[in-house]
Structure formats: structure tokens, C-alpha cells
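Down below is the structure, laid out as C-alpha cells.
In the numbering used here, the protein residues as written are -7 to 331.
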């Protein structure tokens, strides 16, 4: 009987030990660290077997190119100011032509009167001086008209730039007539980015801000004066054949004028977000993974375009990245607890 009780106690104790798995004593089991620090970066190490069990997959990054999308804003200009300047210009030009004809006649009259006065004294000196006075008055008036015309031309260049002023000051200019008849729309784009303003821009896609899908082609005319800006940038004038109401705010895409940028494409499944930042795991060596921060600025819809942190040929994790992050964070927490 005593022997039976002893055997029963021994079996019961062994059964209790069997019911507890190794995981219940994990804190007492010495495990191999899978994370370390190299050059201030966290490095996760996983053997091939562990990678397979964790479903770790990676892909080699191929070179890709992307055209940066730059958008600038502007407005359709009211050209009534141009029409006003043109009206003043035509008035002054016509008046100057009239005075020029008067001057020609007075010059002829004065020359004839001078001959008469010198040869026969058939006209009085007073009559000769009267013609001379009229001639000087016309010449003074024409000089003032030329000064006014010069000021008007300078004002046009200051406000509208040299190219549009050229249309304005050219009689029977087809471009000016199209502008004044509203067959063309004149647009000023506000370009504050100095390097961007130095690009050789020829055409842009322009659309009203309220209807960004209604794009039309805008043709570059010339740089706009900066007297009212003081920003250091260079605004630009464009014209379009579409009739857009004056004052309409527009948005323009300059991507068609820019060169492609070389970089790599990072698929969405490779990106993990931690501490508010986007990261990927790059395979640094066989079984060695390093977490790398990317910019994640250019969203291509199914991934990101990256030019700084990664290069073609880099191996990045596309399946199991979240598991690697968990392993990394678990190690950090364990170290903090041990401290």
C-alpha cells in the first residue's frame, strides 16, 4: 500500500511538469539575441530557416524614372489696361502725325517767306517772325508729344513686359487684336521658386482652380515684370486660345518642361510606419536587415518614388517587414526592462 502511494505521488509530480510548456519558463531560458546595433542603427539577424518560417520575402530594387510634378498658380488678366494704353498711344501718334504735317507746311512757308523778305522785302519782318513763332510752337508741341509717347512706352514695358508691349506698340498687331477681342486669354503665373523660374518653359497645362480637369495649353510669352512682387522669383506670361474670364484663378503643371529624375520604386507593401515616419527593411547582408527611413513624398498610387535613401540593386523586404519591426521593438523593450 505504501509503495502504491509513493508511485502515485511520483506520477502526479511528473504530470504537473509536463503540463507546463517551455514558454511558461521563457524568462528563465537563455535565448539568442536577434538584434544588435551597428553604426548607431538597429540590425535584425534572422537565419534562413527563421526567415522561411516568418514568411520573409524581399525584392531587388530596379532603377526607375519619375517626372516631378510642379504646380504653380496664377490668374487670367484683365487686358482693359492694355486697351487703355493702346487708346492713348493711338491718340498721341495721330496728334503727332497732324503736328508733323503742320511742321512740314510751316517749314516750307518759313523758307518761302525768308526768300521774299531777303530779296524784295515784300513781306514785313513781323510776318516772318510770326511764321517762325508758329514753327517753333509746333516743334515744341511735337517734342512734348515724343516725350509723352516715350513715357507711355516705358509704362507699358514696366507693367506688361517687353513682348506684350511690342504687340501693344505695333500697329495692326494680330496678337494684340486677338487679346483685345478676347480671342486669346492672357495669364500670369506666380513662380516664387527661383530655380524653377530659371527653367526654359515653353508650354504648360493650365486649368481653372475650380475645374482642374479642364486643362488647356498655355504658350509662354515672356517674363512678367516684378515691380509689384519683391519676391526674387520671376513670374511668367502665357497665352491660351481658350476664352477664360478675366480674374479666374488658374493652376498650371510644369512637369512637361522638366527632366526625368532617376530613383527607385518602393511598393506599398514594403513600407511600414513607425513613430510617424515611413520605413523599409533593407537586407544589409545575408540574414541581416537594417531599417531605413524613406521620404515617401512622391506617391505613385501603388508605391513611392525614392531618390535618397535607396539605390537600384538594394534588397528590401516586401513581406514580413512588420514582423521584423516587432522583433526589433521586442528586443528594445526587453533591454529597457533589464536595465
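Cβ atoms here follow ideal geometry from the backbone N, Cα and C, with glycine treated the same way.
Please read these numbers as outputs of a predicted model, since none were measured by experiment.
Residue i, buried or exposed, once every other Cβ within 10 Å from all chains shown has been counted against 16
i, result
"residue 216", "buried"
"residue 285", "exposed"
"residue 296", "buried"
"residue 268", "exposed"
"residue 64", "buried"
"residue 33", "exposed"
"residue 320", "buried"
"residue 143", "exposed"
"residue 178", "buried"
"residue 43", "buried"
"residue 128", "exposed"
"residue 219", "Confidence at residue 219 is low in this model, with a pLDDT of 45, below 50, so its placement is unreliable and the value that follows should be read with caution. Burial call: exposed."
"residue 317", "buried"
"residue 204", "exposed"
"residue 298", "buried"
"residue 283", "buried"
"residue 201", "exposed"
"residue 14", "In this prediction, residue 14 has a pLDDT of 41, which is less than 50 and means its spatial position is unreliable; what the coordinates show is noted afterwards. Residue 14 comes out exposed."
Candidates the options, of which the one nearest residue i by Cα
i, options, result
"residue 45", "322, 109, 315", "315"
"residue 193", "244, 239, 308", "244"
"residue 125", "49, 94, 203", "94"
"residue 83", "50, 100, 163", "163"
"residue 196", "228, 98, 70, 240", "228"
"residue 294", "257, 277, 306, 42", "257"
"residue 307", "300, 277, 299, 287", "277"
"residue 274", "203, 310, 299, 166", "310"
"residue 86", "259, 301, 137", "137"
"residue 68", "205, 272, 281, 174", "174"
"residue 36", "287, 299, 279", "279"
"residue 139", "88, 300, 112", "88"
"residue 234", "265, 260, 264, 199", "199"
8 angstroms Cβ shell around residue i - same chain, five flanking residues per side excluded
i, result
"residue 160", "74, 77, 78, 81, 148, 152, 168"
"residue 335", "In this structure the chain extends from -7 to 331, so residue 335 is not present and cannot be described."
"residue 388", "The first residue shown for the chain is -7 and the last is 331, placing residue 388 beyond what the model contains."
"residue 53", "256, 257, 258, 302, 303, 304, 305, 306, 307, 308"
"residue 222", "Because the pLDDT at residue 222 is just 47, under 50, the model does not fix this residue reliably, and the point stays unresolved."
"residue 170", "176"
"residue 91", "130, 133, 134, 137"
"residue 108", "114, 115"
"residue 49", "309, 310, 311, 312"
"residue 98", "123, 126, 127, 130"
Supposed close pair residue i, residue j - CB separation, criterion 8 angstroms
i, j, result
"residue 230", "residue 210", "4 angstroms"
"residue 313", "residue 262", "6 angstroms"
"residue 156", "residue 213", "7 angstroms"
"residue 62", "residue 246", "4 angstroms"
"residue 232", "residue 208", "5 angstroms"
Residues of its chain near residue i, where Cβ-Cβ distance is below 6 angstroms and the 5 sequence neighbours each way are ignored
i, result
"residue 7", "Confidence in residue 7 is poor, its pLDDT being 44 and thus under 50, which makes the residue's placement too unreliable to answer from."
"residue 51", "310"
"residue 25", "Below a pLDDT of 50, predicted positions are generally treated as unreliable, and residue 25, at 49, falls in that range; no measurement from the model is reported."
"residue 141", "84"
Same chain, Cβ closer than 7 angstroms to residue i, neighbours up to 5 away in sequence not counted
i, result
"residue 131", "95"
"residue 322", "none"
"residue 180", "66, 67, 69, 216, 227, 229"
"residue 17", "Because residue 17 sits at a pLDDT of 35, beneath the cut-off of 50, its placement in the model cannot be relied upon, and the point is left open."
"residue 71", "171, 172, 178"
"residue 266", "317"
"residue 102", "123, 124, 127"
"residue 40", "279"
Proximity test, Cβ basis, 7 angstroms: residue i and chain B
i, result
"residue 143", "Note that chain B does not occur in the displayed structure, where there is just one protein chain."
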